[in-house]
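J.: Quick one: the structure is below, and I'll ask about it shortly.
Protein chains: 2
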Amino acid sequence: MARTKEFDPDAAVDKAMEVFWANGYAATTPQQLVEALGIGRGSLYNAFTSKRALYERALRRYYERETTRLLQVLDGPGPARERLRAALELLVAAALDDRERRGCMVTNAAVELADRDEVIAHLVRRTFERQEAAFRSTIEEGQRDGDISADRDPAALAAFFLTTINGIQVLAKADPDPRRLSRLAETALSVL
Amino acid sequence: MARTKEFDPDAAVDKAMEVFWANGYAATTPQQLVEALGIGRGSLYNAFTSKRALYERALRRYYERETTRLLQVLDGPGPARERLRAALELLVAAALDDRERRGCMVTNAAVELADRDEVIAHLVRRTFERQEAAFRSTIEEGQRDGDISADRDPAALAAFFLTTINGIQVLAKADPDPRRLSRLAETALSVL
DNA sequence: CGCATTTTGTAACTAGAGTTCAAGAAAGGT
DNA sequence: ACCTTTCTTGAACTCTAGTTACAAAATGCG
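Protein chains in written order, with the UniProt record's numbering: chain C, 1 to 192; chain E, 1 to 192.
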């Protein structure tokens, strides 16, 4: 009854995500998107309405795809303390693998857009809350097990870890030094 | 021998700094700059060459003007531990006062540009190093005075504090919650 | 098969970004 | 008073961002 799409919209969002992730929102052009997605301008706008709308979808995709690794590590097996360590080490390793220094797309969105765009801000907050909640439940678990001293407020500790991972993203943008980042993570863990 | 400038270039850089600080680099337009500086387009480019060059000057100005408060607190009088607390509280208070949530211009520059522009990255690194050094010498002083336990590596602690303040900037962009930020700072201090 | 529908590629459009330029105005030295 | 220099204003210019429009092509239903 109607012509079928020749490209996979899901795959296209993935590619758009890569472009926005690497360049940020404002610095990304329709031209770059068209080239990266391998489709015509017409198809781009027919399928995704606007640059802004595509960015939002890309950020949601990032939230679903790239943000889960951390949660998996935190919700995984093993002593709570070890999981927290593994989580921070994961972040550090990812930052060092990231040769183009794109950082974390949510951190980037927070800094570039959260103050100007309520929808983006909301998405960012949701990501942060999920991460914070994962930190928190891991910490609480550790406290029940006696793995982590119980005289600290788990909510405060979770917010602190959230801050730390965002701080690591910023640092790594300017100067991805392996030794420094590792010691950093180590020091943050010593708060427990 | 030549006509004198009718505007104060130093004051103009200050105004440009405000605009870039609030909007970031890519999202700032010549039009906004012209309006904010109150000069003609011709004068703008005659005096500052390009948007990029003006941004660089604005960021340098930020480095000189807005980045010193932290250092003053850290280098000030009083017990080292108290100075570290005051420094973090200063950051938190500034974030809460910042109704437009511009955050820290250096943090913003790090995230938006440090991966693409080596000159900006260098400036960011310099700022970070200066802040890190101030944290470090305060910590070392505290360790000599017995104010801070001496069994920790001051360099690692300093890097950790640098991360924390950048993390706070990111968090505050998305959700400037007073209670959370204060407890955050408190928790970070408990690492000592 | 033909029809309604949605896709695609390409051209077109508007607006504004980022910069340059020309003509005149202030300043100071001679 | 003039000359040189540097400033100012404002228009002008090029280029591209971001979007839309259009004609042709594909699809499946009746």
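Even for Gly, the Cβ is constructed at its ideal location relative to N, Cα and C.
#1: Establish whether the CB of Glu100/E and some CB of chain C are separated by less than 8 angstroms.
#2: From what residue to what residue does the alpha helix (DSSP H) around Ile148/C run?
#3: Can you confirm whether Glu186/E, when its beta carbon is compared against all beta carbons of chain C, has any partner nearer than 8 angstroms?
#4: CB-CB under 7 angstroms to Arg61/E, same chain, minus the five flanking residues each way: which ones, in chain order?
#5: CB-CB under 6 angstroms to Ala36/E, same chain, minus the five flanking residues each way: which ones, in chain order?
#6: Only counting the same chain, and skipping five residues up and downstream in sequence, which positions put a Cβ closer than 7 angstroms to that of Leu189/E?
#7: Between the alpha carbons of Arg126/E and Ala133/E, how many angstroms are there, rounded?
#8: Look at the alpha carbon of Glu186/C and the alpha carbon of Leu54/E, and state the distance between them as a whole number of angstroms.
#9: Among residues of its own chain, excluding the 5 on either side of Arg102/C, which ones have a beta-carbon nearer than 8 angstroms to its beta-carbon?
#10: Report the rounded CA-to-CA distance for Glu66/C versus Val106/C, giving the unit in angstroms.
#11: Going by beta-carbon coordinates alone, are Ile168/E and Leu91/E separated by less than 8 angstroms?
#12: Report buried or exposed for Gln131/E, applying the criterion of at least 16 other Cβ atoms within 10 angstroms of its Cβ.
#13: Could you give the first and the last residue of the continuous alpha helix (DSSP H) run that contains Met1/C?
#14: If you draw a straight line from the alpha carbon of Phe160/C to that of Val111/E, how long is it in whole angstroms?
#15: Tell me, please, whether the CB atom of Asp115/C is closer than 8 angstroms to any CB atom in chain E?
#16: Can you tell me which of the three DSSP states Gly24/C falls into?
T.: In brief:
#1: Between Glu100/E and chain C, the shortest Cβ-Cβ separation is below 8 angstroms.
#2: Careful: Ile148/C lies outside any alpha helix (DSSP H) and carries neither H nor E.
#3: Yes, Glu186/E lies at the interface with chain C (some Cβ there is under 8 angstroms from its Cβ).
#4: Val13, Asp14 and Met17
#5: Lys15 and Val19
#6: Leu84, Arg85 and Leu88
#7: The alpha-carbon of Arg126/E is positioned some 10 angstroms away from that of Ala133/E.
#8: 39 angstroms
#9: Trp21, Ala22 and Asn108
#10: 10 angstroms
#11: Closer than 8 angstroms, so yes.
#12: buried
#13: Run containing Met1/C: none; DSSP gives neither H nor E here.
#14: Roughly 20 angstroms separates the two Cα atoms.
#15: yes
#16: Residue state, collapsed to three classes: coil.
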